[in-house]
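Below: the structure, in structure tokens.
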Amino acid sequence: MKKILVTGAKGQLGSELKKLSKDAKFDFVFTDVDELDITDIQACATFFDEVKPDFVINCAAYTAVDKAESEKRLAWKINVDAVKNLVISCSLHDSYLIQISTDYVFDGKSPTPYVERDLVAPQSEYGKSKAAAELEALSYPKSLVIRTSWLYSTFGNNFVKTMIRLGQERKSLDVVFDQVGTPTYAEDLASAILAIAGKINSGEKKFVAGIFHYSNEGVCSWYDFACAIMKLNELECKIYPIETSDYPTPAKRPKYGVLNKAKIKSVYEIDINHWFSSLERMIDSLNRMETAE
Ligand SMILES: NC(=O)c1ccc[n+]([C@@H]2O[C@H](COP(=O)([O-])OP(=O)(O)OC[C@H]3O[C@@H](n4cnc5c(N)ncnc54)[C@H](OP(=O)(O)O)[C@@H]3O)[C@@H](O)[C@H]2O)c1
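The opening residue of the sequence shown carries number 48 in this note's numbering; numbering runs sequentially from there.
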């Protein structure tokens, strides 16, 4: 059986891949920084020699968007230098590399959903590091870069879990309504990645390198997203729409980050769920996990 190495496996996306791995026709090796620190080139070389992966899914990243403004060097070390290490190791073993990127590589000024060939113009250190990482990955012909947006999961910390907690503690919350994008359930993204790897592996689809956009379907603001989270959790907390200027953050975020998914749908024949139905599924899973505890 072909082998998939997952880095950053304790994060949101890595954990979803682990959950789905039981039903996938691959052998998996899951690593996080304790088993394989991808910033360590020697550790990568040794690990790859041992494991000889056919596919590498790089879920490891520095994802603290605001902190990256003051920790630029660390963000670049994890997001860019480490991807260079993975490219070197992948090329020595002829492995496919699947690198995950973000809508934060764009400036958010587009009037229509971003396509893969649109020019990047990141506004934050995190976005700049992820754009540089894309170039590192794309220097290797056996790489796929999948850009996604507003990732959430039952694993780890994210907007959905924060809203549920605050919704239980407070009577009202202010949430920005002038940043628009698409939430993405990491389980859906994990499933799409495994479907692509499976189709390449079985020969059902020819490998096509390059950038692909994947988020859930639909469009909303963070305000709409928060309202939906409250409604689905039957929380009374009232959500008030505010402007970004009323909620200053160290990192600038794109006002518009909607991704056009036509390419991934046609090239790899991937079906995509609407963000609201995926949010419903995630909240059901969370509730089931809480009942089981
Ligand atoms: N989260 C979002 O909203 C979002 C949106 C668009 C795109 N993305 C991209 O999607 C991908 C997955 O994101 P995610 O939310 O699943 O990230 P995450 O939950 O922050 O997980 C990242 C994982 O990587 C680990 N890691 C950090 N440094 C490492 C190193 N040197 N070696 C190995 N592992 C290391 C982290 O460990 P520690 O926790 O110990 O640092 C963590 O377990 C990332 O590429 C991210 O940029 C995320």
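By construction, the Cβ of each residue, glycine as well, lies at the ideal position given by its N, Cα and C atoms.
{"Check": "Using the beta-carbon count (16 or more within 10 Å), is Gln215 buried or exposed?", "Outcome": "exposed"}
{"Check": "Taking C-beta to C-beta, are Thr54 and Ile85 nearer than 8 Å?", "Outcome": "yes"}
{"Check": "Taking the DSSP output, what are the residues bridged to Val222?", "Outcome": "Pro288"}
{"Check": "Compute the distance between the beta-carbons of Pro100 and Leu306, then report whether it is under 8 Å.", "Outcome": "no"}
{"Check": "Comparing C-alpha positions only, which one of Leu241, Arg194, Leu83 and Ser200 sits nearest to Lys72?", "Outcome": "Leu241"}
{"Check": "For Val255, does the count of other Cβ atoms within 10 angstroms reach 16, so buried, or fall short, so exposed?", "Outcome": "exposed"}
{"Check": "Report whether the distance from the Cβ of Val305 to the nearest heavy atom of ligand 1 is below 7 Å.", "Outcome": "no"}
{"Check": "Throw me the rounded Cβ distance for the Gln170 and Pro295 pair, which I believe falls under 8 Å.", "Outcome": "Actually they do not touch by this definition, with Cβ atoms about 14 Å apart."}
{"Check": "Within the segment 307-339, note down every full alpha helix (DSSP H) run reaching 4 residues or more, in order along the chain.", "Outcome": "309-314 and 322-339"}
{"Check": "How far does the alpha helix (DSSP H) with Thr195 in it extend, from its first residue to its last?", "Outcome": "Per DSSP, Thr195 belongs to no alpha helix (DSSP H); it is in the beta strand (DSSP E), Ser190 to Thr195."}
{"Check": "Measure the beta-carbon distance from Leu60 to Ile145 and round it to whole angstroms, keeping in mind my assumption that it falls under 8 Å.", "Outcome": "The pair is not a contact, with the Cβ atoms about 11 Å apart (cut-off 8 Å)."}
{"Check": "Give the single residue among Phe323, Ala273 and Ala108 whose Cα lies nearest to the Cα of Gly265.", "Outcome": "Phe323"}
{"Check": "Pairing CB atoms from the segment 217-231 with CB atoms from the segment 266-273, are three or more of them under 8 Å?", "Outcome": "yes"}
{"Check": "Tell me, to the nearest whole angstrom, how far the beta carbon of Leu83 is from that of Phe94; I am working on the premise that it is less than 8 Å.", "Outcome": "5 Å"}
{"Check": "Can you pull the DSSP bridge partners for Lys50?", "Outcome": "Asp74"}
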